Amino acid sequence: MAERLNNVIQLIESDKPAFGPFLPAGSIPDATWIASSDYDFVVYELEHNAFNLSDLRLSLQFMLDRRQILESGSLAPRVTPMVRIPVNGREQSQWIVKQVLDIGVYGIVFPMINTPEDAVAALQAARYIQAADAPDQEPVGRRGHAPGNVLRYWGLDQPEYFDRADVWPLDPNGEILACLQCETIEGVNNLPAILDAVPNPGLILISESDLSVSMGLKGAPGPQVDEAVQRAREICQERGVYYGSPQVDMANVEQRINEGFSFLMPGAARVSEALNRGRELAGR
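In the working numbering, the protein residues as written are 537 to 820.
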C-alpha cells in the first residue's frame, strides 16, 4: 500500500487515538499555529459558524509549510485538515460535500445522522462511482468528478487521486474519513440499523450536547446522557466500528481512552492540558 496521506487514519489503524479541536475557518494565525501544533487533526467548523468556502480555502492554504513538507519527506500533512459541514443528514446536500472535498479536506464530520438513509447518503456524497473492477461498489458514489484544485493541494495526479479519494475503511486504501455524528436519541436508537446499512462507516462521533437536547434535557449533561453515550459506544464495539467524542477535557480524557474512543476532541488551546494528558495516556 502507498504511504498514508491521512494521519488520523494512520493512527487509528495503529490502535492509537487521534486528537484534534474544532476551529473557525478563515484565520491565518490559527491556521499557521494549528499546522505546527501537537494536534493530529483540525476540524474547521462550518456548521455553527458562517458557511464560507473562501475561509476554508484560506485556512487550508495557510496550513501548508514548505519546510515541514521538505523535512518530513512526505506529502501527508502533519495535522490533517477536516471540516464539519452545516447540513443535517436528512438534508442530503451533496453539493456541499463535493465542494469541501474539492477544496482539499481529508475528512468530513456529518451532523445529525439519525437514520440508515442519512448514513448511506453521506457516504454516497463523499465517493466517486467506483471503477468497474472495484470490489466495494456499494454504496454507489454520487460525487461529481472535477478534481483540479484538490490535485494541487494533495500533490497527486488525477489517477492517483481517484484511487486515494475514497472513504476509509470501506476502501482500505481510501484517505477520506467520514465521521457520522450520532447526536440524538433517535440516532442512538437507530444505530444498529445504521451500521447494518453502512458496516464500515469511518467512525461514529458520539456527541453529547445535541443528544441531551434531543432527550428534553436542555443541553445539560447527566446520567441519562451518559447512559445513551455508553449504549452507542457498546453498539460500535460490538460491530467493530471506530468511534469518537467531541467533548473531551481533563475530567474525562482518561475515561474516554480507556473506553476505546479513537477520535478525541479537546478544546483548541495553545497549551491544552487535556491534549497533553491524552497523549501521555496513549503512550505517544
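Here a beta-carbon is modelled for each residue, glycine too, at the ideal position from N, C-alpha and C.
Bear in mind that the values here come from a model prediction, so they are computed numbers and not experimental data.
- By the CB criterion at 7 Å, Phe646 and Ala657 fall outside the cutoff.
- In this structure Ala554 is buried. Its beta-carbon is surrounded by 16 or more other beta-carbon atoms within 10 angstroms.
- With distances taken between CA atoms, Ile621 lies nearest to Val636 out of Glu607, Val636, Ala612.
- Nearest in C-alpha terms to Asn726, of all of Pro705, Ala764, Lys754, Cys715, is Ala764.
- The way I'd put it, the stretch 751-763 doesn't touch the stretch 788-799; fewer than three beta-carbon pairs between them come closer than 8 Å.
- The three-state reading of DSSP puts Pro613 in coil, since its state is none of H, G, I, E or B.
- Under DSSP, Ser781 shares a beta bridge with Leu800.
- Under the DSSP assignment, Glu581 falls in the beta strand (DSSP E) whose first and last residues are 577-581.
- For the 7 Å CB-CB criterion, Gln791 and Glu744 do not form a contact.
- Secondary structure of Val645 (DSSP, three-state): strand.
- Under DSSP, no beta-bridge partner is assigned to Arg679.
- Separation of the CB atoms of Ala714 and Pro737 is rounded to 6 Å, and the pair is thereby assigned contact status at 8 Å.
- Within the same chain, Val623 come within 6 Å of Ser629 by CB-CB distance, once the 5 residues on both sides are set aside.
- With 16 or more other Cβ atoms inside 10 Å of its own Cβ, Arg663 counts as buried.
- Around the CB of Glu719, 16 or more other CB atoms lie within 10 Å, so the residue is classed as buried.
- In this structure, DSSP gives Arg663 a state outside helix and strand, which the three-state scheme calls coil.
- In the structure shown, the three-state DSSP call for Val807 is coil.
- With a cutoff of 7 Å on beta-carbon distance, Ala768 and Pro652 are scored as not near each other.
- Collapsing the DSSP output to three states places Ala733 in a helix.
- Straight-line spacing of the CA atoms in Asn543 and Gln660 works out to 23 Å.
- Here Ile621 carries a coil assignment [DSSP, helix/strand/coil].
- Judged by DSSP secondary structure, Gln546 falls within the alpha helix (DSSP H) whose first and last residues are 543-549.
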